[in-house]
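Line order of the protein sequences matches chains X and W. Throughout the first sequence, residue numbering follows my numbering, covering 910 to 1204 in sequence. Throughout the second sequence, residue numbering follows my numbering, covering 109 to 401 in sequence.
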Amino acid sequence: MTRARTRHGGLVAWAFAAPALLVYFTFLVYPALSSLWFSFTDWDGLSPGYNVVGLQNYASMVDDPVVVRAALNNLIWAVVTVVVPVVLGLVLAVLLNGKVRGKPLLRLVFYTPAVLPLVSVASIWGWLYNPEYGAINAFLRSAGLDGLAQPWLGQDSTALGATMVAAIWLRVGFPMLLYLAALQGINPDLYEAATVDGAGRWQQFWHITMPGLRPAHYVVIALSVIDSFKVFDLIYAMTYGGPGTATQVMGTWMYFNVFQYNQAGYGTAIAVVITVVAIAVSIPYVRSQTREHAA
Amino acid sequence: MTTVVLPEGAVESGEEAVNKKPRGGVGSTVLMTIAALVWISPLVLLVITAVRPLSDFVAQGPLSWPGTFTMQNFSDAWGIGNFATTYRNSTLLLILKVPLGVFVSAMLAYALAKLRIRFGAAIMYTVFLGLTIPIYITIVPVFVMARSAGLTDSLIGLIGPYLAFGIPFEVLVLQSFIRQIPDEIVEAARIDGAGAWRIFLTIVLPLSAPALVTVLILDAVATWNEFLFALILLNSDAHKTIPVGLLNFQGQFSNNSTGLAAGILIAVVPILVAYTFLQRWIVGGLTAGASKG
């Protein structure tokens, strides 16, 4: 791509690129770098002035028990809401790729939650989890499991798990769709040959399906991990980080510091940390995408 | 991921292959149907709850079939939830933002795919990196910028950040699609004397129609659903979008399950209807671009 200018390139190319790049740098790159700057200050978010305090905000994070909790929650969230949807999505895709009736409808159903606004997903699950009027406790009571009925979002022990169930609900569809497309690219002759050779379905899955899905695994896992670091809406709308600080993640704790406690400098430092982690984890993916597309 | 196909191509052809044997697979069909029923049950319960009176819901419990049906919840929710306003705002934002975002993204995609722009790989890398950036890293500076431009509590103030966060995915999908347009077509038009702008408008855009439609739809869904920027930039009820409006509504109706269910449905029905009719494009686009809008 960096070949010398041709008659097509030059200023004309830049003229086409300029509007999008201008917007992208003004409203994404510049604010992100600007946050990095604010993270080295004690700005409260309101006053006209502030002092540069170096790494003090970063040092304070180590002593902030909520940051420790939020970081841990982010980690749990990343593992659970990546692994469970990816595995479930793979299972659904393999089943859908086999002899199943009503495939288009089934595919529609599993992806539906993913198109809903996250706030509405939070409302729906908040309502299902309602201790008195919620469907989940009603179901447990009607099944004679009264002892299991509990305030799912209202207690430390279950709140994070309950929010992750909602996330799993809405995130299964995406890996399912990608795996389904990838499965359709595997040569069916391979399965026939394997059957002739006497390989069972399980052996075929491990020796044909899984290797055939390797590029898909990479993309699915990379995108799911990237997505998991962005968690904000669902937690904010479902639990507001509570009860106490039980479901705080870095995104919400950053928000509360900036907009509730007037600690914009400290809040942006929290955002910088999680963003740096997110970028570091995603760089191999971004690099491979660029290589593929620019080739 | 290496190549992008026409959105409907990959998915449809596979279906045909499977449909050759419509019988059989009873076990998987039953299993999948049960799983699908579990998956859709929250939405089914939502509908059942929304069409019954609160007294009926309280007396019989959330898992029962309604004793009587009513549409009253919807009219109550519509009024109290301020949905006339939030619908208008969300629609306006969609109209202002989505076509503009797709158009400028298509221009950049064209420059990357066909115009041999210098530093193309570096631009691509920088733009794709945007896919990984969480919105919250930008909210403080964006808020400051909007405030100094006098654009807080205004839908216009949302357009810039929304455009910026939409561009990476749109460029990713569009440039790999435009790349597949044969160079001979572009070259032939150039020899006929067409300039880059004319080639873009009369050849590249029409030939990219499938990808453009996909990107338009996915971007519309993302714009309709966006929450965080709207939360920090809009304060008055008159300017709120659907997600922020729904959040307020949820707080007011926490003890009125039937009204809450009706309000949630009001907020999600347009998206559900659009998804049902346009799912072919959504599915194709996600598979092609392999990213979530």
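No residue lacks a Cβ here, since even glycine has one placed at the ideal position from N, Cα and C. This structure is a prediction, so every number in the text was calculated from the model and none was measured.
C-beta atoms of residue i and residue j nearer than 8 Å
i: X:F1019; j: X:M1073; result: no
i: W:V210; j: W:L341; result: no
i: X:G954; j: X:A1173; result: yes
i: X:Y933; j: W:A272; result: yes
i: X:V962; j: X:F949; result: yes
i: W:S365; j: W:F165; result: yes
i: X:L1062; j: X:V1030; result: no
i: W:I307; j: W:A297; result: yes
i: W:L171; j: X:A1044; result: yes
i: W:A369; j: X:P1026; result: no
i: W:L139; j: X:L1004; result: yes
i: W:I243; j: W:L336; result: yes
i: W:G133; j: X:G998; result: no
i: W:L239; j: W:P276; result: yes
i: X:T1199; j: W:M179; result: no
i: W:I372; j: X:S943; result: no
i: X:L1049; j: X:Y1088; result: no
i: X:Y1127; j: X:N966; result: no
i: W:A221; j: W:R160; result: no
i: X:F947; j: X:T1177; result: yes
i: W:G268; j: X:T935; result: yes
i: X:D1136; j: X:V1028; result: no
i: X:L945; j: W:P150; result: no
i: X:L1099; j: X:I1117; result: yes
i: W:G301; j: W:A185; result: no
i: W:T384; j: W:N197; result: no
For residue i, the three-state DSSP class (helix, strand or coil)
i: X:V1024; result: helix
i: X:V1140; result: coil
i: X:V1235; result: Look at the range of chain X in this structure, 910 to 1204, and you will see that residue 1235 of chain X is not part of it.
i: W:R131; result: With a pLDDT of 49 at W:R131, under the threshold of 50, the predicted position of this residue should be treated as unreliable, and no value is reported.
i: X:V975; result: helix
i: X:E1201; result: helix
i: X:T1161; result: helix
i: X:V961; result: strand
i: X:T1177; result: helix
i: X:T950; result: strand
i: X:I1095; result: coil
i: X:S1133; result: helix
i: X:S956; result: coil
i: X:L999; result: helix
i: W:G117; result: With a pLDDT of only 37 at W:G117, under the threshold of 50, the placement of this residue in the model should not be trusted; the figure read from the coordinates follows. DSSP places W:G117 in helix when its eight states are reduced to three.
i: X:A1108; result: coil
i: X:N1039; result: coil
i: W:I307; result: helix
i: X:R1122; result: Looking at the sequence provided, one finds Leu at residue 1122 of chain X rather than Arg. Three-state DSSP puts X:L1122 in coil, outside helix and strand.
i: X:V1012; result: Note on identity: in this sequence residue 1012 of chain X is Lys, with Val being the wrong assignment. In the structure shown, X:K1012 sits in a helix (DSSP, three-state: H, G or I).
i: X:G1151; result: coil
i: X:N983; result: helix
i: W:A302; result: coil
i: X:T1156; result: coil
i: X:Y1170; result: coil
i: W:G209; result: helix
i: W:G392; result: helix
Discussion item. What are the residues in the region 1121-1147 of chain X lying within 7 Å of chain W by C-beta distance?
Written reply: P1124, V1128, L1132, I1135, D1136, F1138, K1139, F1141, D1142 and A1146
Worksheet item: If we count Cβ pairs, one from each stretch, closer than 8 Å, do we get three or more for the region 1064-1072 of chain X versus the region 190-197 of chain W?
Response: no
Fill in: Touching by the beta-carbon criterion (3+ pairs, under 8 Å), the region 248-261 of chain W and the region 920-929 of chain X
no
Discussion item. Counting only Cβ-Cβ distances shorter than 8 Å, please list the residues of the region 985-1009 of chain X near chain W, keeping chain order.
Written reply: L1001, L1004, L1005, N1006, G1007, K1008 and V1009
Worksheet item: Got a sec: which bits of the region 1170-1185 of chain X sit with their beta carbon under 8 Å from any beta carbon on chain W, in order along the chain?
Response: For chain W, the residues of the region 1170-1185 of chain X that bring a beta carbon within less than 8 Å of one of its beta carbons are A1173, G1176, T1177, A1180, V1181, I1183 and T1184, in chain order.
Worksheet item: Is there contact here, the region 302-320 of chain W with the region 206-220 of chain W, by at least three beta-carbon pairs under 8 Å?
Response: yes
Worksheet item: If contact means a Cβ-Cβ distance below 9 Å, which residues of the region 1149-1167 of chain X contact chain W?
Response: Of all residues in the region 1149-1167 of chain X, M1159, G1160, T1161, M1163, Y1164 and V1167 have a Cβ within less than 9 Å of some Cβ in chain W.
Fill in: Those runs of the alpha helix (DSSP H) which lie wholly inside the region 221-296 of chain W and span at least 4 residues
228-237, 247-256 and 263-286
Worksheet entry | Entirely enclosed alpha helix (DSSP H) segments - the region 133-205 of chain W, minimum 4 residues | Complete alpha helix (DSSP H) runs here, min 4: 134-158, 162-168 and 180-188.
Practice prompt. Check each residue of the region 257-272 of chain W: if its Cβ is closer than 8 Å to any Cβ of chain X, include it; give the result in chain order.
Written response: G268, P269, L271 and A272
Worksheet item: What runs of the alpha helix (DSSP H), each 4 residues or longer, lie entirely inside the region 312-385 of chain W?
Response: List check, alpha helix (DSSP H) in window: 317-333, 336-341 and 350-360.
Item to complete: Evaluate the contact criterion for the region 1149-1166 of chain X versus the region 976-991 of chain X: three or more CB pairs, one atom per stretch, below 8 Å.
Response: yes
Worksheet entry | Entirely enclosed alpha helix (DSSP H) segments - the region 1042-1092 of chain X, minimum 4 residues | 1044-1051, 1065-1080 and 1082-1092
Practice prompt. Give, in chain order, every residue of the region 133-148 of chain W whose Cβ lies closer than 8 Å to some Cβ of chain X.
Written response: Among the residues of the region 133-148 of chain W, those with a Cβ less than 8 Å away from any Cβ of chain X are G133, S136, T137, L139, M140, T141, A143, A144, W147 and I148, in the order of the chain.
Worksheet entry | chain X contacts made by the region 322-341 of chain W, where a contact means CB separation under 9 Å | Within the region 322-341 of chain W, contact with chain X at the beta-carbon level (separation under 9 Å) is assigned to V329, W332, N333, E334, F335, L336, L339 and I340.
Item to complete: Check each residue of the region 206-229 of chain W: if its Cβ is closer than 8 Å to any Cβ of chain X, include it; give the result in chain order.
Response: V212, S213, M215, L216, Y218, A219, L220, K222, L223, R224, I225, R226, F227, G228 and A229
Worksheet item: In the region 276-304 of chain W, which residues sit with their C-beta less than 9 Å from some C-beta in chain X, listed in chain order?
Response: P276, E278, V279, L280, Q283, S284, R287, V294, R298, G303 and A304
Practice prompt. Determine which residues of the region 967-985 of chain X have a Cβ less than 8 Å from any Cβ of chain W, and write them out in chain order.
Written response: Under the 8 Å Cβ criterion, the region 967-985 of chain X contributes no residue.
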